[in-house]
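In my numbering, the protein residues as written are 545 to 753.
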């Protein structure tokens, strides 16, 4: 009888320990495509982990309560989430936004930068910004929205340079880089006006150099 009583007590303790212990599945999705985000880090006071290929982490034996957490991932803005556990398993989804902008770095010249060149950058939604070069290590367009852009580089006595650049997240805080080396103009037109007030017809102009 004593053994039966002891066994009953053990079962009660085990049942009490199991009560309120649930499995929580946290899923992270891209807010635009709704695709799972692999490798996102989920952190809270009570648990943390990285999402798998399904965009999920699974936490077992979670006591009842409310759990706030953060979600971080390369090329995404910080996400915030909260999950409530109340005696049952929970599946919770958090959508995070792709980083909306990146910096675009221009190095104009070689091996040193050319000072005074105008870089004009145009793109989606009427984006149209210009900077004048002068920094020793290159020049920067900050917080350029993600997308495809055209650029034009002009400087007196140098050939005009045009090109395209895709602004995207490269991870690790890395900006987008563009390297261009405008070529110096080596020729020009020479205009002769022979005569006054009218031009003289039939004159031969010989030019040597």
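Backbone N, C-alpha and C define an ideal beta-carbon position, used for all residues, glycine too.
I believe residue 583 touches residue 617 by the beta-carbon criterion, under 8 Å. Please report the beta-carbon distance rounded to the nearest angstrom. Indeed they touch by this definition, with Cβ atoms about 6 Å apart.
Skipping 5 residues on each side, what residues in its chain have a beta carbon closer than 7 Å to that of residue 644? Within the same chain, residue 644 has close Cβ partners 689, 690.
Quick check on DSSP: helix, strand or coil for residue 726? Here residue 726 sits in coil by DSSP.
I think residue 702 touches residue 729, with their Cβ atoms under 8 Å apart; what is that distance to the nearest whole Å? The C-beta distance from residue 702 to residue 729 rounds to 6 Å, short enough to meet the 8 Å contact threshold.
With distances taken between CB atoms, is the gap from residue 570 to residue 589 smaller than 8 Å? With contacts defined by Cβ atoms closer than 8 Å, residue 570 and residue 589 do not form a contacting pair.
Taking only three categories from DSSP, how would you classify residue 733? Looking at residue 733 - three-state DSSP - the assignment turns out to be coil, as it is neither helix nor strand.
As assigned by DSSP and simplified to three states, the class of residue 752: Residue 752: coil per DSSP, three-state reduction.
My output table needs one value for residue 660: the three-state DSSP class, helix, strand or coil. In the structure shown, residue 660 sits in coil (DSSP, three-state: anything other than H, G, I, E or B).
Touching or not, the stretch 705 to 721 and the stretch 734 to 743, by the rule of three or more beta carbon pairs under 8 Å? No: the two stretches stay apart, fewer than three of their Cβ pairs being nearer than 8 Å.
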